[in-house]
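Below is one structure, written out as structure tokens; the observations come after it.
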Amino acid sequence: MRRSESHSLTAIAPAGAPSARSRRMLALVALAGSAALLAACASPGTSPTTAPPEPSAAGDTGAAPVALAEDQLQAEGLFDEVSSEGYAVRWLEAGESIAVVIGGSGGGGECIPQPHAAELGAVGAAVVVSFDPPDAAIACTADYRLHGWELALPMSVPVDLPTVVELVNLRGEEETTEVRIGADDLLDAGPTADPQPSLIPEPSAEGAAPSPIPPDQLPEADVTMQDAQVRWIEPGRRLAVILGGSGVAECVPTPVAARTTGISAIAVSFEFPSEPMDCSADFHLYGWQFELEEPVSGTLPAEVTVTGTTAADSSTVLALQPDDLLSAP
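Here the sequence shown is numbered in UniProt numbering, starting from 1 and rising by one per residue.
This is the structure:
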């Protein structure tokens, strides 16, 4: 019969070695010492071994926008720049605050984009200004004025290099427009300031004299064309008016002048031939360039009233969009 046995062997410690009991006591003392050291490291008032990272400046916002004064909106060249580009950005105090100026309906408010406070963005976009879009459901006046705001930065930025300003959603659809301004790009409302549109003197009654447009710069002839056509050569400043008629030039109305009659309104006058003439039946295009003495907005639709192109001396009112440009065939 097989038997299973269990044997317990006891090791014999060499002479002079501590006993098992003594070894257990030493281990407990060591553990207690370690615990005391850990408690000391975690006690209040001690400095952490690793400092937390500094918070990033990105996302910090400045004070709420403040509307610019009327004399600030009369700064030299400001109206022309906004009429051409749709916006202008300047330093009010270099490195500390900026001015953002846009053009739009004189009604202001929800008829124009409204800015939020300036933010400091990530690297490569030092200042970010976001806009709320206009309310399309509101009826707004058709006049054109400048609107501007002072935007204080959350903290100073260096101006030894150009500062990048991002205008977000100014044109809608979350589009971002990037502008760079240098330390000397300051808003200067000096004595040579441009007047606001409401303060612009009345244009001369004669208006701007026309100059012919070379035939190779006109679009292809369309024999179905019955009314005058208008195009921009330079939006807000130079206008092209195109007529179709007989190949005998004397049979075609003679251009007289174009003048600005409102913020976005232009009147163009022609003189219809007063005497009966023997006119050929072929069809030709004729075009004239008019340089406006008083510019209109180059970023808003314009209304052009053309008179004198028919024997009845009737007028034709034509809509002209900023992107309706004269293009050669």
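Ideal Cβ positions, reconstructed from N, Cα and C, are used throughout, including at glycine.
Computed from a predicted structure; not experimentally measured.
- Using a Cβ distance threshold of 8 Å, T316 and D227 count as a contacting pair.
- DSSP places V252 in the coil class of the three-state scheme, outside both helix and strand.
- Residue pairing for S280: DSSP places it in no beta bridge.
- Spanning the alpha carbons of A64 and A117 requires a straight line of approximately 5 Å.
- Residue state for Q226 is assigned as coil, using DSSP reduced to three classes.
- Nearest to L78 by C-alpha distance, out of A67, T61, G103, is G103.
- At a cut-off of 4 residues, the continuous stretches assigned as alpha helix (DSSP H) that sit fully inside the region 73 to 138 are 78 to 85.
- S314 has its alpha-carbon roughly 20 Å from the corresponding atom of R231.
- Spanning the alpha carbons of Q289 and G86 requires a straight line of approximately 24 Å.
- C-alpha of E291 to C-alpha of P210: approximately 7 Å in a straight line.
- Spatial neighbours of S264 in its own chain (CB-CB distance under 7 Å, excluding positions within 5 residues in sequence) are listed in chain order as A142, Y144, V296, S297, L300, P301, A302, E303.
- Residue pairing by DSSP puts I242 in a beta bridge opposite Q229, G287.
- Taking C-alpha positions only, E250 is separated from P273 by approximately 8 Å.
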